[in-house]
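Student: Top to bottom, those sequences are chains A and B.
The numbering of the first sequence is the UniProt record's numbering, which starts it at 1 and goes up by one.
The numbering of the second sequence is the UniProt record's numbering, which starts it at 1 and goes up by one.
The beta carbon of each residue, even a glycine, is placed where N, CA and C say it ideally should be.
From a predicted model like this one, the values you see are computed outputs, not experimental measurements.
Got a structure for you, questions after.
Number of protein chains: 2
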Amino acid sequence: MLTRSAPAEILIRRLHRSTGLDETELADLRTLPATIRELGKNETISREGDRVHHCVLIVDGFLARFLDTREGKRQILSFYVPGDIPDLQSLHLPTMDHSLGSIAPSKIAMIPHKALADLSDRNPRIASALWRETLIDGSITRRWVRCLGRLNARQRVAHMLCELYVRLDAVGLADQPIRLMTQQDIGDAMGLTVVQINRTLRDLRSEELITIEKRHLTIVHRERLQKIAEFDPFYLHLDPEARH
Amino acid sequence: MLTRSAPAEILIRRLHRSTGLDETELADLRTLPATIRELGKNETISREGDRVHHCVLIVDGFLARFLDTREGKRQILSFYVPGDIPDLQSLHLPTMDHSLGSIAPSKIAMIPHKALADLSDRNPRIASALWRETLIDGSITRRWVRCLGRLNARQRVAHMLCELYVRLDAVGLADQPIRLMTQQDIGDAMGLTVVQINRTLRDLRSEELITIEKRHLTIVHRERLQKIAEFDPFYLHLDPEARH
DNA sequence: CGCCAGGTTGAAGTTCCTCAAAATTTGTGG
DNA sequence: CCACAAATTTTGAGGAACTTCAACCTGGCG
Chain A
1 MLTRSAPAEI LIRRLHRSTG LDETELADLR TLPATIRELG KNETISREGD
51 RVHHCVLIVD GFLARFLDTR EGKRQILSFY VPGDIPDLQS LHLPTMDHSL
101 GSIAPSKIAM IPHKALADLS DRNPRIASAL WRETLIDGSI TRRWVRCLGR
151 LNARQRVAHM LCELYVRLDA VGLADQPIRL MTQQDIGDAM GLTVVQINRT
201 LRDLRSEELI TIEKRHLTIV HRERLQKIAE FDPFYLHLDP EARH
Chain B
1 MLTRSAPAEI LIRRLHRSTG LDETELADLR TLPATIRELG KNETISREGD
51 RVHHCVLIVD GFLARFLDTR EGKRQILSFY VPGDIPDLQS LHLPTMDHSL
101 GSIAPSKIAM IPHKALADLS DRNPRIASAL WRETLIDGSI TRRWVRCLGR
151 LNARQRVAHM LCELYVRLDA VGLADQPIRL MTQQDIGDAM GLTVVQINRT
201 LRDLRSEELI TIEKRHLTIV HRERLQKIAE FDPFYLHLDP EARH
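Laid out in structure tokens, this is it:
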């Protein structure tokens with residue numbers, strides 16, 4: 001059970017923020033059964049083609065969805081932060097069309113599909129909130145398409161950092177410097193090589209737009225970075241009432 | 001009303017194929033009100049930031065979702081073919097986070113959100129079928145991320161052509177040569193310039209993998225083209241029971 | 001028949017990749 | 001807490017893939 005457990009509270013806080021539903025309406029989430037799992041770095045949770053029976057709620061760490069190419073190159077499709085449920089789509093499409101794994105030591109709660117489906121049937125508001133989360137995930141993926149298709153390395157990296165900051169900030173994790181994933185992971189996400197990521201980060205640092213100390217990122221000039229990246233957080237739909 | 005109209009039948013056939021629901025279960029779709037609209041080439045239906053109140057069902061033609069960059073570059077996020085509802089997400093996220101427009105003369109049916117929402121409430125099977133469509137759309141977008149991030153021009157174009165073929169085939173429109181969008185549109189979709197698209201298509205033609213006559217595409221060697229593109233149609237989730 | 005969107009080609013330039021090596025950081029066991 | 005191995009970051013040099021610019025075709029349509 002998630003009763004008063006950290007996972008339940010994370011999810012409630014998250015859905016409260018994204019949908020505006022109050023705690024009473026979301027209290028049902030505490031009835032969800034869940035198995036906690038601790039993961040090291042680079043552990044795969046599910047693979048393309050797998051049939052899965054649980055959804056994953058991130059309690060701590062970073063996960064990523066990814067696809068591989070024949071020559072062993074990896075493309076990360078999306079990063080996920082605490083409070084995210086990266087494989088919510090598996091509730092309706094249980095055969096994975098991509099893989100899911102950790103890119104940092106992480107803690108996850110595995111929630112059986114059946115429990116989530118039953119809860120959704122009982123509680124249409126929660127069903128709707130989960131719907132919404134999945135659609136926002138789609139919006140993020142579409143931004144990445146634009147990012148990969150039309151921005152250069154500098155803009156892509158800047159965009160990724162802006163998005164990461166805003167998403168972490170939304171769950172209260174951007175107060176201190178942000179622990180970054182490896183440059184290889186950033187490259188796999190932005191469709192670039194590690195070398196290029198390294199040079200781009202060096203340039204952003206030398207312009208004093210960001211600092212990185214012991215792998216921890218601080219954004220020094222958020223406005224300038226956002227301008228470089230053409231970043232507008234609207235696509236994250238963080239404010240349920242926002243009208244652009 | 002969509003009663004026995006072409007739009008209703010297109011949607012019923014489409015959802016029948018993708019979900020396995022039979023005609024009786026989907027008959028309710030005929031009660032949906034709809035306004036038919038004819039579009040020329042390159043007409044915008046809705047823009048990033050717009051608040052919309054209808055979903056669009058494609059009856060004939062091609063639509064595309066897209067995002068622009070500051071310098072006026074356009075990134076197409078996805079192509080849509082007859083039977084698709086490209087903006088189903090607007091039912092839950094009514095403020096557009098991207099734009100939608102035609103890339104060929106097209107015929108669309110505009111269905112009011114309210115009617116679709118009411119029908120979904122009344123008929124959970126249809127609700128679920130629509131859910132599924134949206135999730136498949138997400139799967140397609142994720143493939144495009146991999147395509148843009150990790151494939152070269154040749155592979156990207158091959159992938160796009162394979163996907164277009166299979167999606168059109170699924171609605172019975174791939175028997176004759178396929179009327180292509182402009183090379184500019186293909187470039188905007190694959191994150192490449194027109195020039196590069198032109199050269200890539202020329203190469204694919206000279207290898208006799210495809211032929212293009214009067215802008216109509218025929219895939220001569222589908223297997224070889226799929227191999228080049230690393231194309232596996234599973235991600236389209238066309239067969240509701242497929243397990244990879 | 002002539003206009004114009006769209007297709008085609010060449011040449012030069014840029015961005016990013018590849019390969020390779022070295023420096024630094026992180027993690028682990030003693 | 002140190003020493004060592006492994007992982008990650010950093011830098012350089014050369015090359016490939018794609019872009020940019022600019023011109024010239026082509027075919028469908030009024």
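1) Can you tell me the Cα-Cα spacing of B/H244 and A/H92, whole angstroms?
2) What are the start and end residues of each continuous beta strand (DSSP E) run of 3 or more residues lying completely inside the region 140-215 of chain A, in chain order?
3) Check whether the Cβ atoms of B/V59 and B/P7 sit closer than 8 Å, and answer yes or no.
4) Is the Cβ-Cβ distance between B/L67 and B/L57 less than 8 Å?
5) Give me the Cα-Cα distance between B/M110 and B/H16, rounded to the nearest whole angstrom.
6) Can you check the region 16-88 of chain A for any alpha helix (DSSP H) of at least 4 residues that lies completely inside it and give the ranges in chain order?
7) Taking all protein chains shown into account, decide if B/P33 is buried (16 or more other Cβ within 10 angstroms of its Cβ) or exposed.
8) Nearest chain B C-beta to A/E163 closer than 8 Å, yes or no?
9) Excluding five sequence neighbours on each side, which residues of the same chain lie with their C-beta closer than 7 Å to the C-beta of B/K107?
10) Let me see if you follow: with CB-CB separation under 8 Å, is A/E25 close to chain B or not?
11) Considering Cα atoms alone, identify which of A/K73, A/I45, A/H54, A/G72 is closest to residue 266 of chain A.
12) How would you label A/T200, buried or exposed, when you count the other beta carbons within 10 angstroms and need 16 or more for buried?
13) What does A/I108 pair with, by DSSP beta-bridge criteria?
14) Taking Cβ to Cβ, would you say A/C55 is nearer than 8 Å to A/I103?
15) Evaluate contact between the region 203-218 of chain A and the region 175-188 of chain A, counting only Cβ atoms and requiring at least three cross-stretch pairs below 8 Å.
16) Can you check DSSP and say which residues form a bridge with A/I219?
17) Between which two residues does the alpha helix (DSSP H) carrying B/S99 extend?
18) Within this structure, are the beta carbons of A/G83 and A/R14 separated by less than 8 Å?
19) Within the continuous alpha helix (DSSP H) that includes B/L119, where are the two ends?
20) Going by the beta-carbon positions, is the gap between B/T141 and A/T95 smaller than 8 Å?
21) What separation, rounded to the nearest whole angstrom, lies between the Cα atoms of B/L168 and B/I228?
22) Would you decide whether A/H216 is buried or exposed? Buried here means 16 or more other CB atoms lie within 10 Å of its CB.
23) Determine the burial state of A/T134: buried for a count of at least 16 other Cβ atoms within 10 Å of its Cβ, exposed for fewer.
24) Going along chain B in order, which residues have a C-beta closer than 7 Å to the C-beta of A/Y235?
25) With a threshold of 8 Å between beta carbons, is A/A104 in contact with chain B?
26) Which same chain residues, not among the five before or five after A/I136, have their C-beta less than 8 Å away from its C-beta?
27) With distance defined between alpha-carbon atoms, name the residue in B/S90, B/T31, B/M190, B/N42 nearest to A/G138.
28) Would A/L21 pass as a contact of A/R125 if the rule is Cβ separation under 8 Å?
29) Given that a residue counts as buried once 16 or more other Cβ atoms are within 10 Å of its Cβ, and exposed if not, what is A/Y165?
30) Take A/D97 and list the residues in its own chain whose beta-carbon comes closer than 7 Å to its own, dropping the five residues that flank it on each side.
31) Skipping 5 residues on each side, what residues in its chain have a beta carbon closer than 8 Å to that of A/A117?
32) Could you pull out every residue in the same chain whose Cβ sits closer than 6 Å to the Cβ of B/A158, ignoring the five residues on either side in sequence?
33) Taking the Cβ atom as the reference point for each residue, do residue 247 of chain A and A/S120 lie within a distance shorter than 8 Å?
34) Is the shortest distance between the beta-carbon of B/K41 and the beta-carbons of chain A less than 8 Å?
35) Just how far apart, CA to CA, sit B/L88 and A/W131?
36) So what's B/H244 in DSSP terms, helix, strand or just coil?
Tutor: According to the data block:
1) Low confidence applies to B/H244: its pLDDT is 46, below 50, so where it sits in the model is not reliable enough to give any reading.
2) 210-213
3) yes
4) no
5) Those two C-alpha atoms are separated by around 21 Å.
6) 23-26
7) exposed
8) no
9) I36, E38, V59, D60, G61
10) no
11) Any property of residue 266 of chain A remains undetermined from this structure, which presents chain A solely from 1 to 244.
12) buried
13) A/R37, A/I58
14) No; because the gap between Cβ atoms is not below 8 Å, this pair is not in contact.
15) Under the 8 Å Cβ criterion, the region 203-218 of chain A counts as touching the region 175-188 of chain A, having at least three qualifying pairs.
16) Bridge partners of A/I219: A/I210.
17) Where B/S99 is concerned, there is no enclosing alpha helix (DSSP H), although the beta strand (DSSP E) it sits in stretches over 99-102.
18) The Cβ atoms of A/G83 and A/R14 sit closer than 8 Å to each other.
19) 113-122
20) no
21) C-alpha separation (whole angstroms): 20 Å.
22) That one is exposed.
23) buried
24) D97
25) no
26) Closer than 8 Å at the Cβ level, and outside the excluded window around A/I136, lie S18, L236, H237.
27) B/S90
28) yes
29) Burial call: buried.
30) E48
31) L91
32) Cβ contact annotation for B/A158 (same chain, cutoff 6 Å, sequence separation greater than five): L225, I228, A229, in chain order.
33) Outside the shown range of chain A, which is 1 to 244, sits residue 247 of chain A, and nothing can be said about it.
34) no
35) 12 Å
36) With a pLDDT of 46 at B/H244, under the threshold of 50, the modelled position of that residue is not reliable, and the figure given next carries that caveat. Coil, per DSSP.
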